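Engineer:
2 protein chains.
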Amino acid sequence: MVAISDVAARAGVSTATVSRHLRGQLVRSAEAIEAAIAELDYTPSSVARSLKSGVKYAVAMVVPDVTNPFFASVVKGAETASRRAQYNVFLYNTDEDPAREQKIIRAVVHNVDGIILAPTTEHDEAPAIARKAGVPLVFIDRTIATDAGDGVDTVLVDNTGGAAAAARHLIDLGHRRIAVIAGPLDTTPGRERYEGVLGECRRRRVPIPEQYRRMSDFREDGGYQQMLALLALETPPTCVISCNNSMTVGALKALADMRVSVPEELSLVGFDDLDLAPLLSPPLTVVRRDAVAQGSLAMRLLLKRLEGETGKARSITLDTSLTVRGSCAPPPADGRPARRKAQR
Amino acid sequence: MVAISDVAARAGVSTATVSRHLRGQLVRSAEAIEAAIAELDYTPSSVARSLKSGVKYAVAMVVPDVTNPFFASVVKGAETASRRAQYNVFLYNTDEDPAREQKIIRAVVHNVDGIILAPTTEHDEAPAIARKAGVPLVFIDRTIATDAGDGVDTVLVDNTGGAAAAARHLIDLGHRRIAVIAGPLDTTPGRERYEGVLGECRRRRVPIPEQYRRMSDFREDGGYQQMLALLALETPPTCVISCNNSMTVGALKALADMRVSVPEELSLVGFDDLDLAPLLSPPLTVVRRDAVAQGSLAMRLLLKRLEGETGKARSITLDTSLTVRGSCAPPPADGRPARRKAQR
DNA sequence: TTGAAAGCGCTAACAC
DNA sequence: GTGTTAGCGCTTTCAA
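This is how it looks when you write it as structure tokens:
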């Protein structure tokens, strides 16, 4: 490995001078130093630099699963935004496991300058750990309930509004038997979307009975099982709101397996868009948001803090929008929709 | 920040003893040291450790785009596999830009212990850079043509076989006018899949005319445009093989926009599966491969090298399999399929 | 403007 | 088993 001392020797100056030149200061021997650097193909060791300065030029992104297109886009946005400031992005998947998340945060907190985290639960210990280590933390997509989250910059979306818009759309179409497949309620988007649906339905006097409130886990299989359960009900709903993309995929598979035709027999709205959603038959109506922008914004907030910005934490809420495609229609006239036996 | 010297002072021993204890050696004062560590909430600085040992416990994953579900899965597999050895994964997107890729590799090569790369082109300079720096490199999904790639472990899939299987399937169904939407030919999967299709067709005496060979770029819009071009031909093909998932999405959109019914008027096979592929109507027939396994295998090869394994480079080729769903049928009888005017 | 030298936190000889 | 010490590559006083 070629070190700064090699360059200094070759250029006939001290290491201090080379270091100064590297930091952009004017030095007499700039040319000789440049020549030496080029000949030796020297790159400063960021490790040594970090040891001295404390800056690591690294940020950790901790998300449930990059394989989820939403988080893939978030990561993409954050990574792209990190380049301007020459930061590097460590990626970690928690698989929605709070224990794993804590382990990651603890291990990482001393090795990065900042952390972007989609917390697994709303009673998350990451803020305490990060604060103790003096490492800036930004929440993305989810916050935590307690005031342990005070002082943490946050980028959310208007889950409540998006979910309410989905409910409104269905109510306006004439639906009165509305079901919701909800994500974990100890999670910001899980809770807010659920409450968004419930709130809108309450406001419009279309109560959602207990059996239409299906608690699930943001996973494909959860969506599949809950849709199956809904279809097996004595009086099934005429429409369903699925609260994230993975569960929506599961719900769609259940619908396909049970040969339920959408939207004739059952209407469906998903939260979060999917690449192929417009190509399904019918094209899927969804609540959309700009995931790349969310990631990029989170990174920008973090970089501001790393540049020394102080002041109280900011919480930014991005808009969502209902994209109406073809998966919703008025409820079937006979009032006995969607009940089927399984087929092989 | 609390350093090893603080722990040593508190435990009444030297820093060397604390260091030994940390590395697992038996020391008399283990208990006192543990107590001090706990009270001070001490974590060893990985930066200092790296400076000393040269090991950074970091690996760079350089892929075209995490937003592509294939690469998202590769990254997931690699990240999961990295945990066993306590390595951390830096993520970079090249956006298929060779200049950006080079810049990333150069910047990263001295700050990581190893690199996993899906090279942008087949004449890639990464191996030279990595070799000069003495950093192990693993190619994933793509190799390079020249022997500059000698000494680089590689994890590929049987692109040729997969593409040939797709062609065979179509020929067996009776198709004689087969078109292919190819990826960049200076890319391993681009070239191999293209040649796989061509080779099988040649073997079966079903030549593919020039106008049915559509060169594209692995991007959605490329697939869209090329499908449009095919449909506009005087004599359009009766079936199309699309050589990656993004282009397949574009092709499907073109088909939808032009109201071409699949598979009645045109059959379609995609390379790489998509989450919703089974839910399309018709469900999409694709060539599949295990992306998570690919990523995990690449990381395992890399970790072996980092553990000191020597010996010549290994090149592993994973299987692909044709998943027949519903998007292929015998060609239309009238022999004049798929030609349409655009509709709004 | 420049060089000498100290030191960031940790590890590995080396001597005890 | 343990302490002393040197040094990884770099930055940054402090003098000159």
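Order-wise, the sequence lines are chains A and B.
Quick note: the first sequence uses the numbering used here, first residue 1, plus one each step.
Quick note: the second sequence uses the numbering used here, first residue 1, plus one each step.
Note that beta-carbon positions come from the ideal geometry of N, C-alpha and C, so glycine has one too.
As the structure is a prediction and not an experimental result, all values here were calculated from the model.
1. Give every residue of the same chain whose Cβ lies closer than 6 Å to the Cβ of Val152(A), excluding the five residues on either side of it in the sequence, and list them in chain order.
2. Let me know if Asp150(A) comes out buried or exposed under the rule of 16 or more other beta-carbons within 10 Å of its beta-carbon.
3. Could you tell me whether the stretch 252 to 272 of chain A touches the stretch 301 to 311 of chain A, where touching means 3 or more Cβ pairs closer than 8 Å?
4. Please state the DSSP three-state secondary structure of Arg58(B).
5. What residues in the stretch 246 to 268 of chain A bring their beta carbon closer than 8 Å to a beta carbon of chain B?
6. For a contact defined as C-beta to C-beta under 9 Å, what are the partners of His110(A) on chain B?
7. How many Å lie between Ile241(B) and Glu192(B) at the Cα?
8. What would DSSP say about Cys201(B), mapped onto helix, strand or coil?
9. What residues match up with Ile241(B) in a beta bridge as DSSP calls it?
10. For Leu91(B) and chain A, any beta-carbon pair shorter than 8 Å?
11. Under 7 Å Cβ-Cβ, which residues of chain B neighbour Leu280(A)?
12. Taking 8 Å as the threshold (C-beta atoms), are Leu318(A) and Arg289(A) in contact?
13. Thr120(A) and Ile104(A) - do their beta-carbons sit closer together than 8 Å?
14. Going by alpha carbons, who is nearest to Leu266(A) out of Pro332(A), Leu274(A), Asp273(A)?
15. Looking only at C-alpha atoms, which of Pro278(A), Leu156(A), Ile181(A), Ala167(A) sits nearest to Val292(A)?
16. Is there a Cβ of chain A sitting closer than 8 Å to that of Ser50(B), yes or no?
17. Verify the contact flag: Asn93(A), CB atom, against every heavy atom of the ligand ZN, threshold strictly below 7 Å.
18. Between Leu280(B) and the rest of its own chain, which residues show a CB-CB distance below 8 Å, the 5 nearest in sequence each way excluded?
19. If you drop the 5 nearest sequence neighbours on each side, which residues of the same chain put their C-beta closer than 7 Å to that of Asp65(B)?
20. Since Ala229(A) and Arg214(A) should fall inside the 8 Å C-beta cutoff, what is the C-beta to C-beta distance between them, to a whole number of angstroms?
21. What's the C-alpha gap between Thr143(B) and Ala277(A)?
22. Out of Leu40(A), Tyr224(A), Pro98(A), point me to the one whose CA is closest to Glu122(A)'s CA.
23. Roughly how far, in whole angstroms, is the beta-carbon of Val89(A) from the beta-carbon of Ala78(A), given that I think they are within contact range, below 8 Å?
24. For the beta strand (DSSP E) that Phe321(B) lies in, which residues bound it at each end?
25. Three-state secondary structure (DSSP) at Thr187(B)?
26. Pick helix, strand or coil for Ile208(B), following the three-state DSSP scheme.
27. What residues of chain A sit near Pro69(B), judged by a beta carbon separation below 9 Å?
28. Got a sec: is the Cβ-Cβ distance from Asn244(B) to anything in chain A below 8 Å?
29. So, does the CB of Glu346(A) fall closer than 8 Å to a CB anywhere in chain B?
30. Determine, for Lys76(A), whether the minimum Cβ-Cβ distance to residues of chain B falls below 8 Å.
31. On a CA-only basis, which of Arg168(B), Ala167(B), Val47(B), Ile171(B) is nearest Pro112(B)? Give me that one, please.
32. Ordered along the chain, which non-local residues of its own chain (more than five positions away) have a Cβ less than 7 Å from that of Ala165(B)?
33. Lys52(B): which of Arg168(A), Val13(A), Ser45(A) sits nearest, CA to CA?
34. Considering Cα atoms alone, identify which of Ala32(A), Gly196(A), Ala298(A), Gly190(A) is closest to Ala145(A).
35. On the three-state DSSP scale, how would you describe Gly114(A)?
Structural biologist: Considering the structure as presented:
1. Pro127, Leu137, Phe139, Ala313
2. exposed
3. no
4. Per the sequence shown, residue 58(B) should be read as Ala rather than Arg. Strand at Ala58(B).
5. Val249, Leu252, Lys253, Ala256
6. Met1, Thr43, Pro44, Ser45, Ser46, Val47
7. 13 Å
8. helix
9. Val180(B), Val269(B)
10. yes
11. Leu276, Leu279, Leu280
12. yes
13. no
14. Pro332(A)
15. Leu156(A)
16. yes
17. This structure lacks the ligand ZN; in fact it carries no ligand of any kind.
18. Leu252, Ser327
19. Phe71, Asn93, Asp95
20. 6 Å
21. 33 Å
22. Pro98(A)
23. 6 Å
24. Before going on, a small fix: residue 321(B) reads as Ser here, not Phe. Element bounds for Ser321(B): 321 to 323.
25. coil
26. coil
27. Thr67, Pro69, Ala72, Asp275
28. no
29. As shown, chain A starts at 1 and ends at 344. That puts residue 346(A) outside it, with no answer to give.
30. yes
31. Note that residue 112(B) corresponds to Val in the displayed sequence, not to Pro. Residue Val47(B) is the option with its Cα nearest to Val112(B).
32. Val287, Leu322
33. Ser45(A)
34. Gly190(A)
35. strand
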